[in-house]
Each structure stands twice: as C-alpha cells, then as structure tokens.
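Chemist: These protein sequence lines are chains A and B, in that order. Position one of the first sequence corresponds to residue 1 (the UniProt record's numbering), numbered consecutively onward. Position one of the second sequence corresponds to residue 1 (the UniProt record's numbering), numbered consecutively onward. Every residue, glycine too, gets a C-beta built ideally from N, C-alpha and C. Okay, here's the structure, questions in a sec.
Number of protein chains: 2
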Amino acid sequence: MDKQTITIYDVAREAGVSMATVSRVVNGNPNVKPSTRKKVSDVIERLQYRPNAVARGLASKKTTTVGVVIPSVTNIFFAALARGIDDIASMYRYNIILANSDENTERKLKVFNSLLASQVDGIIIIGHNLDQRLVDEVKRTHTPVVFAGGVIEDPEINSVVIDYEKATQEVTDLLLKRNRKVGLITGPSEYMNNEVRLNGFKNALAANKIEFNENLIAQADYTEKDGNVILDGFLAEGVDSVVVSQDTIAAAVMNAALDRGMRVPEEFAVFSSNNSIIAELVRPQLSCIQLPLYDIGAVAMRLLTKLMNQEEVDERQVVLPHQLIERGSTL
Amino acid sequence: MDKQTITIYDVAREAGVSMATVSRVVNGNPNVKPSTRKKVSDVIERLQYRPNAVARGLASKKTTTVGVVIPSVTNIFFAALARGIDDIASMYRYNIILANSDENTERKLKVFNSLLASQVDGIIIIGHNLDQRLVDEVKRTHTPVVFAGGVIEDPEINSVVIDYEKATQEVTDLLLKRNRKVGLITGPSEYMNNEVRLNGFKNALAANKIEFNENLIAQADYTEKDGNVILDGFLAEGVDSVVVSQDTIAAAVMNAALDRGMRVPEEFAVFSSNNSIIAELVRPQLSCIQLPLYDIGAVAMRLLTKLMNQEEVDERQVVLPHQLIERGSTL
DNA sequence: GTGAAAGCGCTAACAT
DNA sequence: ATGTTAGCGCTTTCAC
C-alpha cells in the first residue's frame with residue numbers, strides 16, 4: 001500500500017554486509033573487495049535502490065546542488081547565461097536549482113534565503129546588478145556566491161560580468177564619428193542596467209564634445225507601440241541613430257521608422273545589444289554588441305566550483321570581453 | 001572558524017523552551033501561547049536561525065519541492081511553459097528544481113532519476129512527447145508526475161497538452177480553401193512533434209482530396225541558410241504557401257522569399273506556430289497558431305498540486321484550446 | 001576490507 | 001500549551 005522505499009539497510013541485509021559497506025560501494029570508495037562490490041552492486045540493481053539525496057545531504061552536510069537565482073527564465077538574455085551555468089554544472093556533477101526572482105528585491109531576498117535553507121553548496125545570482133540588501137546577505141553567509149551578468153563594484157563580491165559602460169561608449173562613439181546625431185534607448189527600469197549604459201553614452205558624448213541633453217535618451221518597455229512614440233521624440237530632436245539595450249526594442253523602433261517610409265540605415269540607424277536570433281531575422285538585420293552570455297554563465301559556474309572546493313582562486317572578479325557586430329541597420 | 005550553524009536546539013536553549021515548541025512556532029502550529037511564540041520568534045530573529053530544509057525533508061518525508069524537466073531553457077516555447085509552472089508553484093509555496101534535459105532520452109532518464117533521488121514531492125516533464133522508456137519510469141514511481149506541452153496517448157499518464165494535429169490540420173485546411181498549394185515545414189527531429197503535425201497536414205490534404213507527396217514536406221534546423229534550400233524545393237513543386245512549426249524557421253523562410261523579391265503573402269504565404277515576439281517583429285508579421293503556453297504550465301502545476309495532496313482529480317488528461325491569429329504573412 | 005555506532009537537524013507521535 | 005523521544009536514511013569516525 002505504502003510507497004515502500006528501499007533503504008541502504010535493505011540492500012545491506014540482502015547482500016549480507018553492513019550499511020557502511022553499501023555506502024562505500026555507492027560512493028565509489030576504493031576500500032571494498034571487488035567481489036563484495038559486485039555482490040552489493042547486484043543487489044542494488046535488483047532492488048532498484050536509489051540513494052536518498054536528502055538523507056545524504058543531512059549526514060554529509062553537502063548537497064552537490066547549486067542554486068541559481070534568475071530574474072526571468074523567459075528573458076533570452078538570462079536564459080543564455082543559465083545555459084552556460086547548466087553545462088558546466090553537469091560537467092562537475094552538480095545539480096541545479098533554478099529559482100525565478102522576478103527582478104524584485106524582496107523576492108530576490110526570499111529566493112536567496114530559501115536557497116540557503118535548502119543547503120545548496122553554492123549560489124549564482126544572475127542579474128544586471130546586485131541590490132545593496134542582497135550584497136549584505138551575500139557577505140553574511142558562508143556559502144560561496146558568484147554574481148553573473150551585470151555590473152558590480154563591490155570588490156568583496158565574486159563576479160563574472162561584462163563592461164556595458166565601455167560597450168555602450170564604443171558604440172556611441174562609433175556612430176558619432178560618422179557624424180550621426182545619436183540617441184540612447186534604455187530598457188524597462190527594473191530589468192536593465194540603465195545607469196551604466198547611460199554613463200557610457202555620456203562619456204562618448206563628452207569625448208566628442210557634444211552636449212548631453214535629456215531628449216537624447218528614452219526608456220522603452222517591450223511593447224511594440226512604444227516604438228512610434230520614442231521615434232517621434234527623437235526625430236523632433238534631430239536624432240538619426242540610436243543605441244538600444246535590447247533587440248526586441250531595437251526591432252520595434254526600427255520597424256516604426258520603416259513603417260513610416262524612412263530608409264534604414266541612411267535616414268535612421270539602429271545599433272542593438274543582445275545579438276539574439278531576432279537581430280538576424282529582421283530586415284535589415286540589426287548591428288549588435290555581441291555579449292558572451294553563455295561564457296559568462298560557464299565561467300561563473302567554474303569559479304563557483306573552485307570556491308566550493310576551497311581551491312586557490314586568483315581572479316574573483318572577471319570581466320569578459322564583448323565585440324561589435326555590424327549589420328544592415330547601421331551599414 | 002567553522003561555519004557555525006544555528007540549529008533548532010540553539011534556539012530552544014536560548015528561549016528556554018523545548019525544540020518541539022520552536023518547531024511549532026516555525027511551522028505556524030496554533031498550539032503555542034502567544035507570549036511563548038513571541039519569545040521564540042525574538043530569539044529566532046536575534047540568532048538569525050534558518051530552518052534546515054534538508055533535515056526537515058528527511059524527518060517529514062516531504063520537501064515542498066517539485067522537479068521540472070525542461071528540454072532547454074533557451075527555447076522560448078519551453079521557457080513560457082516554465083513561467084506558468086513557476087507562478088503557480090510559488091502560489092502554492094512549492095520550490096522548483098528546474099533540470100535541463102537536452103531533449104536526449106538518456107539524459108532525460110538521468111535527470112528524472114536524480115529528481116526522484118532529491119525526494120521532490122512531484123515532477124512535471126515538459127516536452128513535445130514522452131519516450132516510452134520515460135513513460136515506463138513514470139509509471140513505476142509513486143511520485144506524482146504530470147507531462148506538459150506535447151502529445152501523449154497513454155491514458156495512464158497525467159498530462160496537459162495541446163492538440164497540434166488538429167491545429168496543423170486547421171491551418172492547412174484554411175490555406176487549401178484559398179486555393180493555395182500548401183507545404184509543411186517541420187522542425188529539428190528531436191525538438192519537435194513532427195509526426196503529429198504531419199498527420200494533421202495529411203488529414204487536411206485528404207479532406208480536400210489532394211494527393212500527398214513527399215516533396216510537400218521539409219524539415220528545417222534553426223539556421224537561417226536552410227530557408228533558401230527549403231524554398232527552392234518548394235517552388236520547384238509549385239508550393240506557394242507553407243505551414244511552419246516554429247517562428248524562427250518561418251521567419252527564415254519568409255526572408256528567403258522576400259530576399260529574392262517575391263511578394264508575401266501574394267506569391268508566397270507563411271503560417272507559423274508559436275506566436276512568439278518574433279512573429280510580431282518581422283515584416284510582414286507572421287500569422288500564427290496561438291498556443292496557451294503559460295496556461296499549459298499553470299494548469300499542469302495546479303494538477304500536480306492536487307495529485308500531491310491526494311485530492312480528487314476529475315480530469316487527468318487536459319487538452320487546452322488553441323487559436324489562429326492571422327497577420328500579414330497570409331492576409 | 002568491513003562493521004558498529006553515533007550523529008546530521010528536524011518532525012511527529014505520545015505524554016503530561 | 002509544552003516537553004520527551006524515537007526515528008527519517010545516510011555518512012563517517014573508530015574499531016577490528
């Protein structure tokens with residue numbers, strides 16, 4: 001009637017050995033006579049014994065599980081990171097608990113603490129930035145944590161990030177050098193690292209001796225209709241090219257321009273950021289900042305494994321390089 | 001020196017009560033005098049006590065965690081499903097372990113078993129179909145399992161799915177009724193429910209008394225270059241409209257047609273399947289089968305909660321309705 | 001090479 | 001309303 005679970009004790013009894021021996025076999029401990037090992041393995045197979053990971057975790061104080069805090073699984077940007085994490089994790093035989101945080105500080109704290117309660121061996125926090133309250137929690141725990149994806153200044157936080165500021169600056173500068181009047185479109189406030197991009201934008205303007213003005217920037221949601229409104233604002237300001245922080249938004253704005261008969265890139269150029277599949281599917285294709293998303297996840301996970309094993313780590317704050325890919329929307 | 005973990009025993013001692021009382025407070029058991037509750041809560045706060053979920057799981061044989069097997073987090077289709085699952089799960093206070101399975105049977109089995117070893121209270125398997133070997137495993141375990149997303153005939157498997165066959169048939173029929181010569185493009189073999197769609201396609205042809213022929217179908221990967229090759233094959237066969245199983249592929253083929261100067265939809269029409277953001281960002285926009293992805297996930301999770309609580313369940317096999325959305329690529 | 005036994009931190013009867 | 005106690009299934013000394 002009941003879900004008759006088979007324990008290590010059942011295996012021991014059936015095989016005529018002690019549970020310690022079964023444990024050794026299960027854990028690949030070499031101190032077991034081959035014949036005994038064989039005998040035990042056979043019983044395990046026959047009884048379909050599956051070690052209880054929870055009991056194991058309690059006894060050994062290790063769960064071989066790492067927690068990943070992700071703002072949103074449906075965001076391609078974060079999902080690509082998660083993929084890198086996942087690959088390296090399974091390479092090192094760690095399980096992954098992916099926890100959606102909704103890019104909401106309160107929920108992030110909740111999720112982070114729930115991960116700690118689960119006794120994960122390590123945690124990776126994916127995001128564009130790390131709120132101070134989360135930083136405090138991270139510093140307080142003894143569980144290794146790596147921040148992956150965005151911007152972080154705190155030298156005590158292990159991180160693998162991209163230099164968005166520099167990337168935005170480079171792109172803006174490139175457009176300015178072509179005598180374009182450049183505007184910046186940032187994303188939804190909570191989902192993006194808007195300030196950092198804004199700094200890069202301002203730096204480029206300053207370097208090119210162009211005065212900054214609030215009308216040169218706009219903020220967009222994911223909805224298509226924003227495209228037109230933003231475009232109107234920019235055209236009124238004489239802007240003829242934009243640097244955009246997300247492919248979906250870039251496509252929406254470009255479409256707005258195309259839909260009203262403007263020529264892209266001649267009359268209006270667009271430089272985007274994520275280089276997702278969308279950038280290649282729209283016409284003209286979008287020029288993009290190419291971010292090594294998968295790599296960020298992979299490197300972050302590798303760093304975490306070292307921290308969990310108390311290995312020597314030389315670089316606790318890694319900045320991965322980005323590239324610029326030009327396509328039809330600016331060429 | 002050591003990561004000095006605070007246990008329920010420490011709290012009990014500090015508060016001058018037994019661990020049972022602390023446990024009651026932590027679990028919201030009403031049988032505690034308000035003053036005691038307050039006293040204990042204060043100590044918990046002061047000591048920053050965090051209940052060990054692993055120990056709890058071992059003692060109670062419940063982990064309030066459900067495992068989700070997902071073929072790929074980077075696939076928008078599956079990610080949307082995961083979102084629905086996640087929302088309902090957190091509503092019912094379940095934690096989620098998201099495990100990437102790579103749409104590879106061997107790995108799926110491994111992941112499924114590792115989830116069982118983790119003592120999850122229930123499992124949701126996301127996918128387009130369920131391999132027989134996995135079906136066998138599912139039937140063997142006593143842990144509730146729900147299959148979400150694709151096609152499943154086995155009446156013993158709890159599932160929440162969409163009727164792709166019917167959807168494909170409807171779309172094909174719609175195009176045929178407009179005197180189109182229709183082709184079908186399926187996706188990468190392992191990632192898609194190709195056979196089912198093919199059946200729907202054939203049904204529509206039969207219903208319209210059109211003879212089926214192998215040249216009317218093609219299979220595509222995600223790469224853009226496929227678009228041209230596939231298009232060539234279809235044009236040679238006189239096909240002037242296609243039903244496609246994924247937005248990315250649909251966009252690639254449509255672009256191939258546009259790039260060679262054909263008019264869409266006049267000379268070549270495209271009907272796609274996922275209604276992702278891509279469908280709205282390309283020009284012309286893609287007509288799509290609208291799948292209630294989020295809902296599938298949500299309903300699957302709700303069903304699982306009922307199964308986990310041994311509640312009465314009337315419908316163990318749910319088929320959610322789809323809709324057709326026509327846009328510029330066919331209108 | 002193998003076994004015995006003491007926990008890991010908690011829940012859940014059962015007492016009181 | 002609160003305390004006592006026996007596990008949950010496993011790992012891990014420590015003996016032998």
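Please confirm if G57(B) has its CB atom under 8 Å from at least one CB of chain A.
Modeler: One-based indexing of the second sequence puts residue 57(B) at position 57. Yes, contact with chain A.
Chemist: Would A99(A) and I96(B) be called neighbours here (beta carbons separated by less than 8 Å)?
Modeler: Position 99 of the first sequence, counted from the first residue, corresponds to residue 99(A). Position 96 of the second sequence, counted from the first residue, corresponds to residue 96(B). Result yes, Cβ atoms of A99(A) and I96(B) sit closer than 8 Å.
Chemist: Along the chain, where does the beta strand (DSSP E) containing I241(A) start, and where does it finish?
Modeler: Against the first sequence, residue 241(A) aligns to sequence position 241. It is worth fixing the name first, because residue 241(A) is Ser in this sequence and not Ile. Where S241(A) is concerned, the enclosing beta strand (DSSP E) stretches over S241 to V244.
Chemist: Could you give the distance in angstroms between the alpha-carbon of H128(A) and the alpha-carbon of N193(A)?
Modeler: In the first sequence, the residue the question calls residue 128(A) occupies position 128. In the first sequence, the residue the question calls residue 193(A) occupies position 193. Between H128(A) and N193(A), the C-alpha separation is close to 5 Å.
Chemist: Assign A220(B) to buried or exposed, taking buried as 16 or more other Cβ atoms, counted over all protein chains shown, within 10 Å of its Cβ.
Modeler: In the second sequence, residue 220(B) corresponds to position 220, counting from 1. By the neighbour-count rule (16 or more Cβ atoms within 10 Å), A220(B) is buried.
Chemist: For Q169(A), which of helix, strand or coil comes out of DSSP?
Modeler: Reading the first sequence from its first residue, position 169 is the one you call residue 169(A). Q169(A) falls in the helix class under three-state DSSP.
Chemist: Along the region 235–258 of chain A, where does the CB come closer than 8 Å to a CB of chain B? Name the residues.
Modeler: Cβ contacts with chain B come from T248, A251, A252, N255 and L258.
Chemist: Using only the alpha-carbon positions, how far apart do T65(B) and V120(B) sit?
Modeler: For the purposes of this step, residue 65(B) is identified with residue 65 of the second sequence, where counting begins at 1. For the purposes of this step, residue 120(B) is identified with residue 120 of the second sequence, where counting begins at 1. Using only the alpha carbons, I get a separation of about 5 Å.
Chemist: On a Cα-Cα basis, can you pick out the residue from S273(A), K139(A) and T105(A) that is closest to E326(A)?
Modeler: The residue given as residue 326(A) occupies position 326 in the first sequence. Measuring from the Cα of E326(A), the nearest candidate turns out to be S273(A).
Chemist: What separation, rounded to the nearest whole angstrom, lies between the Cα atoms of R50(B) and V242(B)?
Modeler: Start at 1 with the first residue of the second sequence, and residue 50(B) comes out as number 50. Start at 1 with the first residue of the second sequence, and residue 242(B) comes out as number 242. If I take the Cα positions, the gap works out to 57 Å.
Chemist: Hey, could you find the ends of the alpha helix (DSSP H) Q132(A) is sitting in?
Modeler: Within the first sequence, numbered from 1, the residue matching residue 132(A) stands at position 132. That run of the alpha helix (DSSP H) goes Q132 to R140.
Chemist: Go through its chain and collect everything with a Cβ distance to I88(B)'s Cβ below 6 Å, but skip five positions before and after it.
Modeler: Here the question's residue 88(B) lines up with position 88 in the second sequence. So the qualifying residues of the chain are A298, M301 and R302.
Chemist: How is A99(A) classed by DSSP in three states: helix, strand or coil?
Modeler: On the first sequence, residue 99(A) is found 99 positions in, with the first residue counted as 1. Three-state DSSP puts A99(A) in a strand.
Chemist: On the premise that V73(B) lies in contact with A82(A), defined as a C-beta separation below 8 Å, what is that separation, rounded to the nearest angstrom?
Modeler: Position 82 of the first sequence, counted from the start, is the residue given in the question as residue 82(A). Position 73 of the second sequence, counted from the start, is the residue given in the question as residue 73(B). Right, the Cβ-Cβ distance comes to about 5 Å (below 8 Å), so this counts as a contact.
Chemist: Here's a check: name, in chain order, each residue in its chain whose Cβ is nearer than 8 Å to the Cβ of V69(A), leaving out the five neighbours to either side.
Modeler: In the first sequence, residue 69(A) corresponds to position 69, counting from 1. Within the same chain, V69(A) has close Cβ partners A99, S101, K108, V111, F112, L115, I123, I124, I125, I126 and G127.
Chemist: Within this structure, are the beta carbons of R263(A) and L258(B) separated by less than 8 Å?
Modeler: Here residue 263(A) refers to the residue found at position 263 of the first sequence. Here residue 258(B) refers to the residue found at position 258 of the second sequence. Result no, Cβ atoms of R263(A) and L258(B) do not sit closer than 8 Å.
Chemist: Report the neighbours of N113(A) on chain B: residues whose CB is nearer than 8 Å to its CB, in chain order.
Modeler: Taking the first sequence and counting its residues from 1, one reaches residue 113(A) at position 113. Residues of chain B passing the Cβ test: R50.
Chemist: State the Cα-Cα distance for the pair E280(A) and D226(B), rounded to the nearest angstrom.
Modeler: Counting from one through the first sequence, the residue named residue 280(A) turns up at place 280. Counting from one through the second sequence, the residue named residue 226(B) turns up at place 226. The alpha-carbon atoms of E280(A) and D226(B) are separated by roughly 14 Å.
Chemist: Kindly indicate which three-state DSSP category L109(B) falls into: helix, strand or coil?
Modeler: If you number the second sequence from 1, residue 109(B) lands on position 109. L109(B) falls in the helix class under three-state DSSP.
Chemist: Restricting to runs no shorter than 3 residues, where is the beta strand (DSSP E) found entirely within the region 28–83 of chain A?
Modeler: Within the region 28–83 of chain A, the complete beta strand (DSSP E) runs of at least 3 residues are 65–70.
Chemist: Enumerate in chain order the residues of its own chain whose CB-to-CB distance from D2(B) is below 6 Å, with the five nearest sequence positions on each side excluded.
Modeler: Walking along the second sequence from the start, residue 2(B) turns up at place 2. In this prediction, D2(B) has a pLDDT of 46, which is less than 50 and means its spatial position is unreliable; what the coordinates show is noted afterwards. Around D2(B): no qualifying Cβ.
Chemist: Short of 6 Å in beta carbon distance, which residues of its chain neighbour Q169(A), apart from the five on each side in sequence? Order them along the chain.
Modeler: Mapped onto the first sequence, residue 169(A) falls at position 169. Excluding positions up to five away in sequence, the list reads G200, N203 and A204.
Chemist: Under a three-way DSSP split, which group does D2(B) fall into?
Modeler: In the second sequence, counting from the first residue as 1, residue 2(B) sits at position 2. Below a pLDDT of 50, predicted positions are generally treated as unreliable, and D2(B), at 46, falls in that range; the measurement from the model is reported next regardless. Note: D2(B) maps to coil in three-state DSSP.
Chemist: Whose C-beta lies closer than 6 Å to the C-beta of G328(B) among residues of the same chain, with five residues either side of it excluded?
Modeler: By 1-based counting over the second sequence, the position of residue 328(B) is 328. P284 and Q285, listed in sequence order.
Chemist: Look up G122(A) in the DSSP assignment and say whether it is helix, strand or coil.
Modeler: Reading the first sequence from its first residue, position 122 is the one you call residue 122(A). Three-state result, G122(A): strand.
Chemist: Under 8 Å, do residue 362(A) and V17(A) count as touching if we go by C-beta distance?
Modeler: Missing from the structure shown is residue 362(A); chain A here goes from 1 to 331 and no further.
Chemist: For A208(B) versus D173(B), is the C-beta distance shorter than 8 Å?
Modeler: Locating residue 208(B) in the second sequence gives position 208, counting from the first residue. Locating residue 173(B) in the second sequence gives position 173, counting from the first residue. According to the sequence displayed, residue 208(B) carries Asn and not Ala. Result yes, Cβ atoms of N208(B) and D173(B) sit closer than 8 Å.
Chemist: By the DSSP assignment, the beta strand (DSSP E) with I217(A) in it spans what residues?
Modeler: Your numbering for residue 217(A) matches position 217 in the first sequence. Residues I217 to Q219.
Chemist: What are the partner residues of F271(A), as DSSP defines its beta bridges?
Modeler: One-based indexing of the first sequence puts residue 271(A) at position 271. According to DSSP, which records beta bridges pairwise, F271(A) is partnered with V243(A) and S287(A).
Chemist: Following the continuous alpha helix (DSSP H) through N158(A), name the residue where it begins and the one where it ends.
Modeler: Counting from one through the first sequence, the residue named residue 158(A) turns up at place 158. Unbroken run through N158(A) is the beta strand (DSSP E), N158 to I162; no alpha helix (DSSP H).
Chemist: Name, please, each residue of chain A whose Cβ falls closer than 9 Å to the Cβ of R260(B).
Modeler: The count along the second sequence starts at 1 and reaches residue 260(B) at position 260. In chain order: nothing, as chain A lies at least about 13 Å away.
Chemist: What first and last residue would you give for the alpha helix (DSSP H) that runs through I296(B)?
Modeler: Residue 296(B) sits at position 296 when you count from the first residue of the second sequence. Counting along the chain, the alpha helix (DSSP H) containing I296(B) begins and ends at L293 to M308.
Chemist: At least one CB of chain A closer than 8 Å to the CB of M1(B): is that the case?
Modeler: Locating residue 1(B) in the second sequence gives position 1, counting from the first residue. With a pLDDT of only 36 at M1(B), under the threshold of 50, the placement of this residue in the model should not be trusted, and no figure is reported.
Chemist: Ignore the nearest five residues each way along the sequence and tell me which others in D131(A)'s own chain have a CB closer than 6 Å to its CB.
Modeler: Counting from one through the first sequence, the residue named residue 131(A) turns up at place 131. T105, listed in sequence order.
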